[in-house]
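In mature numbering (1 follows the signal peptide of the UniProt record, and there is no 0), the protein residues as written are -28 to -1, 1 to 374.
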Amino acid sequence: MGRHTNEGLVLARLVVVVLVSLGVVAEAGRAELLSAEEQLLLEETRPILQRSMVDRVNADKRATWKAALNSRLEKHTVKDFKRLCGTIMTPVPDLDSSSFPVLEPGRNDARGRTISPADLPESFDAREAWPHCRTISEILDQGHCGSCWAFGAVESLSDRFCIHGFENVTLSENDLLSCCGFECGYGCEGGYPFRAWQYFKRTGVVSATCDPYFDNVGCGHPGCSPVYDTPVCNKACVNDDLWAENKHFATSAYYLPSDPEALKLELYTNGPIELSFNVYEDFAHYTSGVYQHLYGDYMGGHAVKLVGWGVENGVDFWTVANSWNTEWGEKGYFRIVRGTNECGIETSAVAGIPFVQGGKRSRVAEMYRIVVSVKPLELLANLKPASGRQCLEMSMYHIFIG
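Given below as structure tokens:
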């Protein structure tokens, strides 16, 4: 009897020990889980700019670019920076081709000339090709909002209105951001670039003088707080214009082939293009040179405007306009390796052709096309240091536009 009692006590003690141990393990697991969550929170709230990243990139012999700490992002956390990368990346092969057409670039440029890939120069800059189009050279600031998808689209269409229709107009990011709704994505929380171009074709977009960008402070000041919600769609101009009459439309919206030569041809013939690419931590530190990803975690998708291409020290590059003000990068621009689909930048290019209404703009464009196509004037293109063709273009613009 006593022996059985002792065995029972021993068994009971073992059960207690096991239960206690299980409790300790559970508590330890819970503590470990909380620790992981805390670590994630700590990572999200740390500054995006790190001196260690700058030193690492600048010491890397593979690097074709320079890193630095910049004032535009100096107060940004990792979470803040991720929000700036507001493009929802959607690979072209995953899309229904009937809804999302892929366009092979046309061979006729905005001047009526027939262009082939063999005609393309080694380097090209849209700012120099169309100097009368002020919007091509403007660097904007998306401010506190993940609206890069809207900026890249509106900026490119603004440029194309000048190139194709001789209308220097700055179109409204605010219209697209606030009025496209869920069809374009989630406003300041991110959107789809191609759907922005569909909005231009279906609904049109007003000018920035009619509906200016809601965040007029931007991030030129220290820090980037508070975080703003997507603005409300009002469909009313702040000036005396009528909303419906102020609309500017696109006649088409298309993806471009994932081919560097196709992108060059489209840029050369029709003007700037909206590109999307994958952003990593080191990109925040870019200050000059030809970027290629070296270090850091994935931050999100970002949309920008392609304005040119070239070669530096044997490295082919794209020239791209960002929307983070002039305090970042090469006065708001950056260059990125061309021809290797660096960070996916050559796979999601989108664009469209503006609808140029009848009247003064179309007549001027046609007059321009006729004048610059006269063969004797081709001799002017070889004049140095100033381009005879550009002088002619500027004269035509001021005579007919004023």
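A virtual CB, placed ideally from N, CA and C, is assigned to each residue, including glycine. All figures in this text were calculated on a predicted structure; none of them were measured in a lab.
So, helix, strand or coil for residue i, using DSSP?
| i | result |
| --- | --- |
| Leu277 | According to the sequence provided, residue 277 is Lys. The question's Leu does not apply to it. Of the three classes helix, strand and coil, the one that applies to Lys277 here is strand, per DSSP. |
| Trp102 | coil |
| Phe221 | coil |
| Trp215 | coil |
| Thr241 | helix |
| Val322 | strand |
| Ser27 | The sequence shown places Asp at residue 27, not Ser. Here Asp27 sits in helix by DSSP. |
| Glu299 | coil |
| Ala125 | helix |
| Arg139 | As written in the sequence, residue 139 is Glu, which differs from the Arg given in the question. The answer is coil: DSSP assigns Glu139 none of H, G, I, E or B. |
| Ala293 | strand |
| Gly159 | helix |
| Ile111 | coil |
| Asp52 | helix |
| Pro232 | helix |
| Phe306 | strand |
| Ser130 | helix |
| Pro184 | coil |
| Leu349 | Residue confidence is low: Leu349 scores 43 on pLDDT, short of 50, so the model does not pin down where it sits. No coordinate-derived value is stated. |
| Ser150 | helix |
| Asp288 | strand |
| Gln22 | coil |
| Leu92 | coil |
What whole-angstrom Cβ distance do residue i and residue j have, given they're in contact under 8 Å?
| i | j | result |
| --- | --- | --- |
| Ser320 | Met61 | 7 Å |
| Gly301 | Thr241 | Not a contact, Cβ separation roughly 27 Å. |
| Pro184 | Leu149 | Actually they are not in contact, since the Cβ atoms of Pro184 and Leu149 sit about 12 Å apart, beyond 8 Å. |
| Gly311 | Pro229 | With 8 Å as the limit, Gly311 and Pro229 do not qualify as a contact, their Cβ atoms being about 14 Å apart. |
| residue 424 | Thr107 | There is simply no residue 424 to check, as the chain begins at -28 and stops at 374 in what is shown. |
| Val322 | Pro165 | 5 Å |
Where DSSP assigns a beta bridge to residue i, which residues make up the other side?
| i | result |
| --- | --- |
| Tyr171 | Beta-bridge pairing links Tyr171 to no other residue. |
| Asp97 | Gly280 |
| Ala39 | Tyr258 |
| Phe249 | His274 |
| Tyr226 | Ala323 |
| Gly58 | Gly273 |
| Val204 | DSSP output for Val204 lists no bridge partner at all. |
| Ser179 | Leu143 |
| Tyr263 | Ile308 |
| Pro165 | Paired residues: none, contrary to the question. |
Does the separation of the CB atoms of residue i and residue j fall below 8 Å?
| i | j | result |
| --- | --- | --- |
| Val50 | His257 | no |
| Ala225 | Gly324 | yes |
| Gly282 | Ser95 | yes |
| Trp169 | Ala234 | no |
| Leu278 | Leu247 | yes |
| Ala121 | Gly58 | Checking the sequence shown, residue 121 turns out to be Trp, not Ala. Yes, the Cβ-Cβ distance between Trp121 and Gly58 is below 8 Å. |
| Glu251 | Trp37 | Sequence inspection shows Val at residue 251; the Glu mentioned does not correspond to that position. No. Outside cutoff. |
| Val178 | Asn218 | yes |
| Gly268 | Asp254 | yes |
| Glu46 | Leu14 | no |
| Asn146 | Phe186 | yes |
| residue 431 | Leu237 | Because residue 431 is not part of the residues shown, which for the chain are -28 to 374, the question remains open. |
| Cys156 | Cys134 | no |
| His116 | Pro326 | no |
| Leu41 | Arg55 | no |
Give me the residue from the options with the minimum Cα distance to residue i.
| i | options | result |
| --- | --- | --- |
| Ser130 | Tyr240, Ser109, Lys38 | Ser109 |
| Ala293 | Glu16, Asn30, Glu46, Asp97 | Asp97 |
| Ile87 | Leu148, Trp215, Leu239 | Leu239 |
| Arg44 | Glu314, Pro19, Gly286 | Pro19 |
| Asp201 | Thr181, Gly159, Cys182 | Gly159 |
| Gly304 | Gly316, Cys315, Thr291 | Thr291 |
| residue 377 | Arg132, His136, Gln264, Pro89 | Outside the displayed range of the chain (-28 to 374) lies residue 377, so it cannot be described from this structure. |
| Cys151 | Thr175, Phe289, Ala125, Asp113 | Thr175 |
| Gln329 | Ser24, His48, His220 | His220 |
| Phe53 | Cys209, Tyr270, Glu284, Lys33 | Tyr270 |
| Asn297 | Val287, Ile111, Leu214, Asn42 | Ile111 |
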